[in-house]
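Below is one structure, written out as structure tokens; comments come after it.
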Amino acid sequence: MLSIIRLLPTQIPRGTPNPGESIPIDFSDPFELIVFIILPILIIGFYFFWRNKNRGNRK
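Everything in the sequence shown is counted per the working numbering, starting at 96 for the first residue and increasing by one.
Structure below.
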């Protein structure tokens with residue numbers, strides 16, 4: 096049993112993001128603000144604009 100407990104830390108790969116190492120999003124950084132707030136809103140807005148435009152062409 097003790098050997099299993101010693102092997103558990105070796106299961107986490109090095110150099111990759113792990114759940115325990117994640118940090119919250121910093122909205123004071125302009126890049127993160129653009130990527131996580133502005134771009135999703137623009138994509139959703141363009142989708143609805145494109146969908147309504149295509150519905151008008153079906154008539």
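From the three backbone atoms N, C-alpha and C, an ideal C-beta is built for every residue, glycine too. From a predicted model like this one, the values you see are computed outputs, not experimental measurements.
Could you say which of the options lies nearest to residue i if we only look at CA atoms?
| i | options | result |
| --- | --- | --- |
| F122 | I139, I133 and E116 | I133 |
Give a yes or no on whether the C-beta atoms belonging to residue i and residue j are separated by under 8 Å.
| i | j | result |
| --- | --- | --- |
| E127 | I120 | yes |
Excluding the 5 residues flanking residue i on each side, which residues of the same chain have their C-beta closer than 7 Å to its C-beta?
| i | result |
| --- | --- |
| G110 | none |
| G151 | none |
Among the residues of its own chain, which have a CB less than 8 Å from the CB of residue i, if the five just before and after it don't count?
| i | result |
| --- | --- |
| I139 | none |
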